[in-house]
Each structure stands twice: as C-alpha cells, then as structure tokens.
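Working notes for the structure below.
There are 2 protein chains.
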Amino acid sequence: MVWILIAPIAALAAVFFSVYLYFYVNSRSTGTPRMLEISEAIKEGARAFLRREYIALAIFVVIMAVILTIAIGIFLGKGIEIGPAYIFGSVCSALAGFLGMEVAIRANVRTAYAARKGLNKAFPIAFRGGAVMGLSVVGLALLGISVIYFSTGKPELVLGFSFGASAMALFAKAGGGIYTKTADVGADLVGKVEMSIPEDDPRNPAVIADNVGDNVGDVAGMGADLFDSYVASIVAVMILGEGLSLVTPRENLVSLPLIFAGLGVIASLIGVAIVRVGKKGNPGKALNWGTYFTCVVLIGLTFIVTYVLEFPLAIWGALTVGLVAGIIIGITTDYFTSIDRMPAKRTAESSQTGAAINIISGFSYGLISMFPPLLGIGIGSAVAFFICELGIGPGFGVYGVGMSAVGMLSIVGMIVAGDAYGPIVDNAKGIAEQAGMEEEVIDIADRLDAAGNTAKAITKGFAIGAAGLTVISLLAAYQAIVQREAGIIIFDLMNPFVFTGALIGIAMPALFSAMVMLGVGKNAFRMIKEIRRQFREIPGLKEGKEGVKPDYARCVDIAAKGALRELLPPSTIIIVATLAVGFVGQFIAESIGPPYEFGGIQALGGYLGGSIFSGLIFALLMANSGGLWDNAKKYIEAGELGGTGSDAHKAAVVGDTVGDPFKDTAGPSLNTMITVMSLVASEFAPLIVAFALLY
Amino acid sequence: MVWILIAPIAALAAVFFSVYLYFYVNSRSTGTPRMLEISEAIKEGARAFLRREYIALAIFVVIMAVILTIAIGIFLGKGIEIGPAYIFGSVCSALAGFLGMEVAIRANVRTAYAARKGLNKAFPIAFRGGAVMGLSVVGLALLGISVIYFSTGKPELVLGFSFGASAMALFAKAGGGIYTKTADVGADLVGKVEMSIPEDDPRNPAVIADNVGDNVGDVAGMGADLFDSYVASIVAVMILGEGLSLVTPRENLVSLPLIFAGLGVIASLIGVAIVRVGKKGNPGKALNWGTYFTCVVLIGLTFIVTYVLEFPLAIWGALTVGLVAGIIIGITTDYFTSIDRMPAKRTAESSQTGAAINIISGFSYGLISMFPPLLGIGIGSAVAFFICELGIGPGFGVYGVGMSAVGMLSIVGMIVAGDAYGPIVDNAKGIAEQAGMEEEVIDIADRLDAAGNTAKAITKGFAIGAAGLTVISLLAAYQAIVQREAGIIIFDLMNPFVFTGALIGIAMPALFSAMVMLGVGKNAFRMIKEIRRQFREIPGLKEGKEGVKPDYARCVDIAAKGALRELLPPSTIIIVATLAVGFVGQFIAESIGPPYEFGGIQALGGYLGGSIFSGLIFALLMANSGGLWDNAKKYIEAGELGGTGSDAHKAAVVGDTVGDPFKDTAGPSLNTMITVMSLVASEFAPLIVAFALLY
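Structure representation (structure tokens):
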C-alpha cells in the first residue's frame, strides 16, 4: 500500500531540508576575530564532550547489543537482527544529536553578529539553527523506523531500535545534565565566590566548560530525549496495533502511526517554513504561532488521510485529544513558572524573610503545579481510550491512548526547533557580552533570549504531557507483549506482586534523581580542585596577564569524564533493578504456583506503573519549582523588592541554585529513565515469560 | 465466647493504670515559683489551643455526623447509630489527647525539678508522663471499639467510630502542625532576627506559643494520629474478616483483631512497668529495650492465644512479620537521620559550600532514604499476604496484611509512651534553662532529651511502617465493602478509570502538604505583625522593665485561630475530591455502561492506591530529610566544621528551617490525610454503589 511511503518520503524531506538549513546557517558571517575565538573554544569543548560520550556510549551499546543478540536473538530464537537494530537506533539518535550540536555552535556566534543588523536578521539564523536539530531528530528517527520495518516487517525490531535510542538519551540527557551543572557550579564557586572575578570571565578555566554545558544539556540532551520519546510512542502503537484488526481494514493498524508521523513531519516542515518575524516583531509570539499552526495543519492532514483511507474517525479523535491536552498542559504549566504570575511573585516576596522561606514557598508551588498536568494526562488518556474503545471496539482503547501520544509527539520537529532556539540565543547573548558588542546589539540578543523562554513554557508542557502518554502506552505495550506470549495477564492493584512491584517502582525515580544530584556534587568537587590548581600553578592567570590562558580543555575533560562516571551507577541500578523485579519476582511466583504463576510479570507491570506515577511527580515538581525559583530571582533582578544585591536577592539566589540541578539535571532525566525502564521491561518480557514457561 | 473480653478488660486496665500514673506524676514537686510560673503559662496556652480546637472540631463533627446519619443511616437504611458512633470516635480521641496533654504540661516542670536529684529520679516522671498518653490512647480506643461492637455487633459502626477519630487526628495533627511552626517561625524571626533577643526570652510575646507548640504538635497531635491508625487498622481487619470463615472456627475472625489488640495492651502495660534506669544508666537504651521487650511479650502472648484457640498459626505469622518489618524499617530509617552517620555528616560537610548545596544534599539523601522502608512495607505486606493466602486459603491474604498492621500497632501503648517522653523532656530542658538552674541539672536534662531522640528513631519507623500497612488494609477493606454490595470489582491498573483515578490520587498528598506549608507562611505573617505590634505598643517591653509582660495569650490565640483557618481549605479539598472522584466517576461510568458500569468505584480504588503511593513518598521524604537537616545542623553545633556561628552553620540553619515544616507540619499530616481519604471512601462506598445500582 502506497500511503505508508509518506513516512520515509517525509523523513527524507526533513533530512534534506535540515541539511539545506545547515548550509544556510553556515554561510552567515562569524563576525569579529574575538567572537570567532570564543565560538571556536565552545565548539572545541562541545566536541570534546561528544567524543567522550560517544566512546562511552559505543562500549555500552556494543555490550548491550551482544546481550540482546544472545538472550533474545539466539536463546529465544527471535532472530539476531535485534543486535544491529539496537545499534542502529543509538547511531541514528547520536547522529541527530551531533548535527544539532554542530549547527548550534555555529548558529550562536552568527546570530550574535547578525543582531547588529536587527532582530529580523538575527532571528532566522537562530531559529533555523534550532530547526536543523528538530528536523534531523524527526527525519532520522522516522527514516530509521521505516528502514527497519520495511526490511523486516517486525515491530519487535523497531522496539530494539527504540531501545538503542533510549541508551543514547540516557547518556545525553542525564550525562549532559551532570556535565552542565558540574561546570556551572565549579565555575561559579571558584570564580565568583573565591576569586571574585565576574561570571563568564575568560580567566576562569571552567568558563568554556560552562558555555559548552548549555549546548550539551539543552541541545544535544533534549534532542536525544525527544528522539527517544518520539520513537517509543510510535513503536508502542505499532505493537498495540499488531494484535488488533479492523473489520474492513484498508490499511494495517501497525503502519498507521508511521503514516501519522509522516504527516507530522510534513506539518512541522510547513511550520518551520512559515515562522518569521518583522523588524519590530515579537519573536516569542512567532514561535508560539508556529507551534499552533503546525498543530492545526496536522489535525487537518490527519483528518483527510483518516477519511480517505476509511479508518475510523475515532483514531483521529484520539490524536486530536493528545494535541489539545498538550497545549492545555503547556498553558497551565506556564502559569506556575512565569515571571509575571502569582507563584513567582509570591516566592520572590517570601525571599524577603530569608532563603529558607523562599525554598519552602517555591517547593510548595511546585507541589501544587503537579495537579493540572496530572489531571490533564489522566483525563486526556481516558478520553482517548474511550473514544476508541467505544467508537471502534474492545481492545482499541489502549491503541487510542498510544495514538494520542503519537499526536503530541508527531510535531516534535517543530517543538525541538523552538526548544533548540533557546540555548542558541542564550549562547549568542553570552558571546555578544564577552566580545564587548554595542548596547543595542545586546538588547536585541536579550529580546531573542526572552522569546526563547516564552516558547519553552509551551513546549515544556508538550514534552511532559507527551512523555506521560508515551510511558502509559509503553506499559500497555508491555502488557500486550506478555499477553501474546502467556495469555491474559491483569495488573490488579490488589495482587501482592503488583502492589509490591509498585512500591519498589515508586522508589526508583527518587533513587535515580538523588544519585544524579549527588553525582553533580561529587563531580563539581573534582572540578573545583582543578580550577584552584590552575589559578595556583599558572603564573599570571589570576592577574589577567596578556597571552596567559587557562587550560580550558582540561576542565572540559574533567567535567565530561566525571559526568559519565557518575552516570554509571544510577543507570546500572535502574536496568538491573528492572530485570531483578521481573526475574526474582518470577522465581518466587513459580515456587508459589497458580494463580500466581505469572507473579514476576505482574510485579514488573506494577513496578512500571509505580515508576510512572513517581516519575511524573518528581519530573513535574523538579521542573516547575526549578523554573519558579529561577524566575523569582529574575523578578527581583528586574528591580523589584530591592533588586540585585538586596537580602531578598541573596535568598532568591539560594533558591535558584537549589533549582538548577532540579530542573537541569534530575528532573529532565526522569522521562528518559522511565522510558528506558519500560523498554527494558518490554524487550526482556519474552525472556521472563520463557523463564516462566520453563517450569 | 469469653476470650474476646480480653479487649475491654485490658483497655480498662490501661485506662486505670494511666489514671494512676497521672496521679503519680501530679504528686511530684513543681519546684521554684519561677518554674511554676513558666509551666502555668504553657499550661494556659495549651489549654487555649485545645479549647479552640475542640470548638472547631465540635462544629465539624456535628455537621459530618448529620450528613452521615442522613446519607448512610436514613437514606441507605443502615441505621442512625452511625452518627453517634462517629461522634463517639472523635470524643474518645479528643479525650485521650486531652489527658495526654494535661499530664505532659505537668510532667515537664516536675521532670526539670527532679533532675536536681539525679537522672534516675527525673526519668520516671517524664516516662510515666508519656505513658499516660500511650495508655489512654490504646485504652480509650479499644474501649470505644469494644463498646460499639459489643452493643451492636456491626463492624460498619466501628468504621464510623474510626472515621470520627480520623477527624480529630486531622485537626490535631495538621492543625497542630501549622500551629507549632507558626509560633516557631514568628518567635524566631521577630525575636532573634529583628530584635536580637535570645531564643526562649520571656520578653518575646510568642515564646509561650512556641513552648505550647511542642505539646500541641508532638504530644496531642501524635497521640491523635496513632489513635486514628490504631483504630483504623483494627476496623480494617474486622471488615476483612466479616466475609471470611474458617472450616472449624472456634472464634469469629471479626473479633480476633480485638483479642490481639487486647494482648498488645497487656504487653504494653508490662513494657511500661519494666522500663527503668539506674543513676548512671542510659535512658535511650532503656526506652528501646522496653520496646523490644514489649514486642517479644506480644509475640509470645499471641502465639499462646492462637494455639489455644486453634486459629491457624499463619495469622500469628502475619502479625509477627508486621512487628519484625517495623523494627527493620525503624533501624534503616535511623541510619539516614542519625547525627553520627554518613548522610548527616556529608550534609553537614556540604554546608561548607553554602545553603543551596546543603539543601540539595539533604533532599537527595531524603530521596534515597525512601528505598528501605518502601521495600520493607512491600516485602512485609507480600509475605504477610502469602503466609495467610497459602497457609489458610484464598481470600485470607489481605486479612493477613491487615493483621500485620494490627501487629505493629498493637504495641502503640508503648510506642506512644516513648514518643510523648520526647517533648516532655524537651520542655523540661527549656524550663530548666529559662529558670536558670544549675549546669549539672541542665546536663541531666540534656541527657534525657538526647534519649528521646534515640527512641524516636525506632518509633518513627514503626509509625511509618504501620501507617503504610494500615492504609493498604484500608484499601482492601474498601474493596471488600464495594464487593459485598456490588459483586467482584477489580482495580486493574490498565482500566482507564483506575489509571486516571490514580493520577489524580497521586496529586492529592502533594496538594495537601503544599497548602499546609503555605498556610504556615500565611499564619506566621499574622503572628509577626502581632509580635511587632506588642513590642511597639507595650512600653518597657523591649527593655525588659520589671513587671512589664507581653500579652502571651493573644499570640497563642492568633496561632490557634490561624492554624484552624488554614487547615480548613486543604481538609475540605481532600474530602470533596475523594467524593467527587467516586460520584463523578460513577456518573460518567454509567453513561458508558458495561463493562465499565462500576467505573467510579474503580476510579476511587485507583485514587486511594495513588494517594497511598504518593503519600508514602512525601511522608518519608519530608520526615527523613527534615530530620537529616536538623541533625546536620546539630553536628556542626557540636563543634565540627567550624561550629556555631561559622558559615557552614549558617548554611545548615537554612536547611534546618526548610526541614521544620517538612518534618513537623506537612510530612506527619500525610498519614492522617490518607487515612481520612480511605475512611471517607469506605464510609461512602455503599452510597456510591447505591448510586450505581440506581440506574
């Protein structure tokens, strides 16, 4: 059937368009020699991190591929293609991250230079730089899925591809998160506090590592994270569709998510193409308008295709529910973190009575802020479920939930474009300041930067909502896989295996985020020692003597090496714990016997459910309270309540520093962590079942 | 059958013994006139709070009783005794709290005075003061249950009694928590920070409110909390036992928890009687030894009774599992908060790099600390389940889980005795210091105080574990009630009603604790205004002129009134949300029809499950990180890392201040909150079912 070709064609178009945009960005001027110098140092540092990351990843991926090939491919006889599919997934994700980063470190300096000629000249460079990332993420992901599915016809191999992508996401998102905060904390504590030199001062050995961090965490990490969610949402629906069939199917339900994803890429391409801003325009509005427009185009395109292919309109309805829920979640989340809303203002006011009250206030609003998105995900998934369950037939409900996640994530091309725009303009602003450009240029860079924050509020809501719906459909996919192998298996909350699994599951996101945050502390300590050493041992560095330069590369290296080292224990724990719950649970279940003979499988279901609940809680809490503390500080810095330097400001800085690892390290890693756990469970589910049936 | 008389007889014995201990404490000397003066002021303040609390409670209880009588008693025809049973529950709990508080505010000053004659003279006064609370809690609770059950034979009316007790717990625990932190923050911010007068200075108008707070939150609140859990655990097992029958039952399974609870009271009486300490003895060890001894006695007594009455030994096994799990949870929890363990030391060390790092470190260890208790509750409940499910027969598993909670909670008499000892000696120390007693007396008071903290670590673990197991069995009781009314109803995690209910449920503890913490902030603000007013308007107060006294009563009044006012919105929300999930869910379910006709009931099951998960997470996180910050500060105050006044100390004080509302207000209220929600669900379940069957 010809329609499914939409997926690879749209994917190829996205890749080609992103290559075109790459050359567009690269053809702009890099500005003054000083600007080029700063930009080269950032480029070098970013590449150094990526190099380390890719080496570590390669080792990890090869080991996992061997395990998968032996355990799933040979032992279970599911075919040895699983190993290559896994590797292919991580390579595609790494490639998207590499391209995005390469363009980001080019776009930043070029945006800064173009800002001299006005907002409308600078904006396209930054936005198209972001679009390269967005389009290569969706392009490479969808192309990879198409290649595997067309050549083998097996959704399970797409699952392997997805699992490979999740490994990359773990390294890029959690590792990048540790990296960026290590550099940030180290640079600030020695530079600003001990040496009393300004932020971003070139004498500080960690300054480049700090600048690199923004690119590593926000560009490459976020890209890998959404690559991961995007692929996972598609594969979950493919697996759920495998067991279903329509009475008059014009097209297989397995390929429908691919068609919809292809339409999403087309909608994103249109969205990216139409985003532009005038000389006096508002770039924030332009970005949001682009997102809304993309949504409308997608809703239209999917409606036409659903109608033409004679699929039930209920499936289209579920997809639309996902998109609408995403926007509502985005808008409500925005309320809790925006600088001009009550929570941020109240938190800023509470800073007047000290740092502790600032922390309690921000934490409390963070707790409250969970309510709207949780309600949104809950109601959204239930509506999507019932539209399909009642509109099509029994069993289609979970397919509808999966499709609502696909709906949200199919416009990822546009979302990532807007998201990657943020760190590019942030970096551009930094370069403009460091290169001593004119006041009005910095002002334009500021306005571009502010737009990034506005856009981020909406896209962050999308990302959280999409991740929530994706993990729900991954849980459903896990259930579908085990049921296919072992018959009906229910995750009854009152079953002791499910309940105990859930209690262990809820502890995992807490454990993972704590280990990651403590890892930042340990790594920052190493960094601090190195910065102090350089100031002590390099003569003339502190005094800023002409020609004396710190050893930037060494700091980048320490941050990178340490980040990967601190990432290892928590990553190992979540993978091992997931397998342990399944296999140990199954071992106990078998000694108990019927009706508990599938206890391990059920425990793993409860464990995934528990980790979804707890993961959503902590992801929302950490992202929102972190953003809130940041904006409460900015509110004071804008001149309110005594302004910069006041006691309230000092208290707000404490809150902001607490919020940094919350929102940049631990919080954003949780999505990835839960996806990894769900994919481990789904990937190894047939093995656990085989183990169960062995007895 | 005569054995069940163990319950009322043991309960009466406990009440009589606590009256005897009350007179013992009261007969000791109150010391110098200055001591008496301080103690009288605390007494007056505590009574003022209780008066307000009881008036507010009375209004609340009467309204709820009318609703229950109409909705459950008349409309459903379950009998109008439900109203009086509800009122009786709250009155019994209030009476136990009143007695405990009355003796605590007498025991503190008498302990301080007796400390002049040595440790072995002071210890019994403090411990027996605590024991009055412990024994009146179990005595009045068990007596109340016995009266209702013997006179009506209906476990549902015991559920009403339990529901009444939970209303009292909500007011005493959450309201008391807001009260105590309001007074603390207000007194510190104006007194120490603005006026630069020492802590506990009699010129501070809020000093009495602050001293009262310890009694209100830690004595009366904790007593009401454990009264609530104790009754809830017993009634849950009674309800679960109602539907079960043994092949050769010598005794009804409904009355067995009463018999075991009676044995628990006897074990506690023995435990309380044997606790003593020599002149050079270690009071902390004496308290812990008393707890262990009580456990052993209970295990022995229950074994004998199980054997003699020919009950399956599996039930006794489940009870023992509960006790053992409680002790293991206590010991592991202790590790994460103790002053001489790695987490507290590391957190103290991290204070050297500032307040933010101290917060992140303490928060991270708090996150990790969840793991052992969650694993303990999970494994404990699963073992208790399977011992009974496999050892007796299908359906007995949840009965076993309930029995393990009863096992933990049946020694509540001893636990509360040790727990209430803490604030008594804490107050004694404060009085000794304020009254200017000799160094060696203060030293003895210090040692008594330290012992309180040691004992608290174990008992806190018990309380958390017991609450976890109790809410699990309450969820099972809810299921048993709806199944009795409407047939088999499963809480399948993949059912959209259950899942959406769970997503809403996990948001509730977060919402509740945030509102309570923000309530502290608002109320403290009112308090601060009043303290400033008094310093401004009362001539000679600041200078400490002879005969000039602040208006203590007014501060007590503001704290009390505000606490109850701030408690109203979160309490209303949790009750209304619980009913809304059930009824609105059921309304939607009925418009969908089979197989979702009981969707509302299932949504409520998921909601309770979700709130249990999230409630446990936040209760553990807040209690443990709060305790950890407190001890990290104390570690520095003991002279490490620069000692009091150093930068590290200032940073640690911020952590401690953040931890205060965590561990004293929000964290401990969560147990109560979840119990209230579970009881609301169980109490109104028949109404939701009736609503379901109406269609």
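Those protein sequences? They're chains U and X, same order as listed.
The first sequence begins at 1 in my numbering and counts up by one.
The second sequence begins at 696 in my numbering and counts up by one.
Note that CB positions come from ideal geometry on N, CA and C, so glycine has one too.
- For U/Y113, collect the residues of the same chain with a Cβ closer than 8 Å to its Cβ; drop the 5 residues on either side in sequence, then sort them by chain order. Residue mapping note: residue 113 of chain U aligns to position 113 of the first sequence, counting from 1. These residues qualify, in order along the chain: R28, S29, T30, G31, T32, M35.
- Query: Along chain X, in chain order, which residues have C-beta atoms closer than 7 Å to that of U/G770?
  - Reply: Limits of chain U in this structure are 1 at one end and 695 at the other, which puts residue 770 of chain U out of reach.
- Verify the CB distance criterion: does X/A1314 have a CB-CB separation below 9 Å to chain U? To locate residue 1314 of chain X, count along the second sequence from 1; it is residue 619. Under the Cβ distance rule, X/A1314 does not count among the residues neighbouring chain U, no pair being separated by less than 9 Å.
- Taking 9 Å as the CB-CB limit, is X/P1289 close to chain U? Looking up residue 1289 of chain X in the second sequence gives position 594. Chain U places no beta carbon closer than 9 Å to that of X/P1289, leaving this residue out of the contacts.
- Query: Can the beta-carbon of X/L1104 be found less than 9 Å from the beta-carbon of X/I1383?
  - Reply: As a first step, residue 1104 of chain X must be located in the second sequence, where it is residue number 409. As a first step, residue 1383 of chain X must be located in the second sequence, where it is residue number 688. The beta carbons of X/L1104 and X/I1383 sit no closer together than 9 Å.
- Who are the near neighbours of U/L475 in its chain, counting only those whose CB is closer than 8 Å to its CB and skipping five residues on each side? Here residue 475 of chain U refers to the residue found at position 475 when the first sequence is read from its first residue. G605, L608, G609, I612, S678.
- Item | Proximity test, Cβ basis, 9 Å: X/G1097 and chain U | Position 402 of the second sequence, counting from 1, holds the residue named residue 1097 of chain X. Judged by the 9 Å Cβ criterion, X/G1097 is not in contact with chain U.
- Item | Positions along the segment 1344-1363 of chain X whose CB lies within less than 7 Å of some CB in chain U | Cβ contacts with chain U: V1349, T1352, V1353, P1356.
- Query: Can you tell me where the alpha helix (DSSP H) with X/G859 in it begins and where it stops?
  - Reply: Along the second sequence, one-based indexing puts residue 859 of chain X at 164. In the DSSP annotation of this structure, the continuous segment of the alpha helix (DSSP H) that includes X/G859 starts and ends at 850-864.
- Message: Restricting to runs no shorter than 4 residues, where is the alpha helix (DSSP H) found entirely within the segment 598-638 of chain U?
- Response: Runs found: 599-637.
- Message: Does U/K633 pass the burial test, meaning 16 or more other C-beta atoms within 10 Å, or should it be called exposed?
- Response: Walking along the first sequence from the start, residue 633 of chain U turns up at place 633. Result: buried.
- Task: Under 8 Å by Cβ, that's how I've got U/G615 and U/G461 pegged, so tell me the actual separation to the nearest angstrom.
- Result: Taking the first residue of the first sequence as position 1, residue 615 of chain U is located at position 615. Taking the first residue of the first sequence as position 1, residue 461 of chain U is located at position 461. Taking a contact as a CB-CB distance under 8 Å, the pair U/G615 and U/G461 does not count as one, their CB atoms being some 17 Å apart.
- Which runs of the beta strand (DSSP E) spanning at least 3 residues fall entirely within the segment 228-282 of chain U, listed in chain order? Counting only runs of 3+ residues, no beta strand (DSSP E) is found wholly inside the segment 228-282 of chain U.
- Task: Give the interface partners of X/A931 over in chain U, defined as CB-CB distance under 9 Å, in chain order.
- Result: On the second sequence, residue 931 of chain X is found 236 positions in, with the first residue counted as 1. For the C-beta of X/A931, not a single chain U residue is nearer than 9 Å; the gap to the nearest is close to 13 Å.
- Message: Please report the distance separating the alpha-carbon of X/S857 from that of X/F770.
- Response: For this step, residue 857 of chain X is matched to residue 162 along the second sequence. For this step, residue 770 of chain X is matched to residue 75 along the second sequence. If I take the Cα positions, the gap works out to 21 Å.
- Message: Between which residues of its own chain and X/D1246 is the CB-CB distance below 8 Å, once the five residues before and five after are set aside?
- Response: Here residue 1246 of chain X is taken as the residue at index 551 of the second sequence, counted from 1. Hits under 8 Å: P900, Q1229, I1233.
- Mapping DSSP to helix, strand and coil, what is U/D492? Sequence index remark: in the first sequence, residue 492 of chain U carries index 492 (1-based). DSSP places U/D492 in strand when its eight states are reduced to three.
- With distances taken Cα to Cα, identify the nearest neighbour of X/F1207 among X/A1043, X/I1369, X/T847, X/V992. Translated into the one-based positions of the second sequence, residue 1207 of chain X becomes position 512. With distances taken between Cα atoms, X/F1207 lies closest to X/I1369.
- Message: I need the straight-line Cα distance from U/A428 to X/I1054, nearest angstrom please.
- Response: Working through the first sequence from its first residue, we reach residue 428 of chain U at position 428. Working through the second sequence from its first residue, we reach residue 1054 of chain X at position 359. Straight-line Cα distance between these residues: approximately 32 Å.
- Message: For X/P1068 and U/G290, what's the separation of their Cα atoms in angstroms?
- Response: Stepping through the second sequence from its first residue, residue 1068 of chain X is reached at position 373. Stepping through the first sequence from its first residue, residue 290 of chain U is reached at position 290. In a straight line, the C-alpha of X/P1068 is about 48 Å away from that of U/G290.
- Query: Three or more C-beta pairs closer than 8 Å, one from the segment 512-530 of chain U and one from the segment 563-572 of chain U: is that the case here?
  - Reply: Touching, yes.
- Under three-state DSSP, which class holds U/K542? Residue 542 of chain U sits at position 542 when you count from the first residue of the first sequence. In the structure shown, U/K542 sits in coil (DSSP, three-state: anything other than H, G, I, E or B).
- Specify, as a first and last residue, the run of the alpha helix (DSSP H) that U/A318 falls within. In the first sequence, counting from the first residue as 1, residue 318 of chain U sits at position 318. Residues 313-337.
- Message: So the candidates are X/I754, X/I1269, X/P897; which of them puts its Cα closest to the Cα of X/G1239?
- Response: In the second sequence, the residue the question calls residue 1239 of chain X occupies position 544. Relative to X/G1239, the option among X/I754, X/I1269, X/P897 whose CA is nearest is X/P897.
- Out of curiosity, what's the CA-to-CA distance linking X/Q1297 and X/I1184? Along the second sequence, read from residue 1 onward, the residue named residue 1297 of chain X stands at position 602. Along the second sequence, read from residue 1 onward, the residue named residue 1184 of chain X stands at position 489. About 7 Å.
- Simplified DSSP state of U/I411, which is helix, strand or coil: One-based indexing of the first sequence puts residue 411 of chain U at position 411. Looking at U/I411 - three-state DSSP - the assignment turns out to be coil, as it is neither helix nor strand.
- X/L1388 classed as buried or exposed, judged by whether at least 16 other C-beta atoms fall within 10 angstroms: Position 693 of the second sequence, counted from the first residue, corresponds to residue 1388 of chain X. Here X/L1388 is exposed, its C-beta having fewer than 16 other C-beta atoms within 10 Å.
- Query: What in chain X is Cβ-close to U/F127, meaning under 9 Å?
  - Reply: Counting from one through the first sequence, the residue named residue 127 of chain U turns up at place 127. Among the residues of chain X, none has a CB under 9 Å from the CB of U/F127; the nearest is roughly 34 Å distant.
- Message: Mapping the DSSP letters down to three states, classify U/S361 as helix, strand or coil.
- Response: To locate residue 361 of chain U, count along the first sequence from 1; it is residue 361. Three-state DSSP puts U/S361 in a helix.
- Contiguous alpha helix (DSSP H) assignments of at least 4 residues, all confined to the segment 61-146 of chain U: List check, alpha helix (DSSP H) in window: 82-114.
- How would you call X/G1321, buried or exposed, if buried means at least 16 neighbouring beta carbons within 10 angstroms? Residue numbering aside, residue 1321 of chain X sits at position 626 when the second sequence is read from its first letter. The residue is buried, with at least 16 neighbouring Cβ atoms inside 10 Å.
- Reduced DSSP secondary structure (H/G/I, E/B, other) of U/S646: One-based indexing of the first sequence puts residue 646 of chain U at position 646. Coil.
- How far does the alpha helix (DSSP H) with X/I1269 in it reach, from first residue to last? Along the second sequence, read from residue 1 onward, the residue named residue 1269 of chain X stands at position 574. Its alpha helix (DSSP H) spans residues 1247-1287.
- Proximal chain X residues relative to U/D492, where beta-carbon distance stays under 8 Å: Translated into positions along the first sequence, residue 492 of chain U becomes position 492. Taking the beta carbon of U/D492 as reference, the chain X residues within 8 Å of it are I1185, F1186, D1187, L1188, listed in sequence order.
- Item | X/G726, DSSP secondary structure in three states | Taking the first residue of the second sequence as 1, we reach residue 726 of chain X at position 31. In this structure, X/G726 counts as coil in the three-state DSSP scheme.
- Note down the Cα distance separating U/A286 from X/I1199, rounded to an integer number of angstroms. Sequence index remark: in the first sequence, residue 286 of chain U carries index 286 (1-based). Sequence index remark: in the second sequence, residue 1199 of chain X carries index 504 (1-based). About 35 Å.
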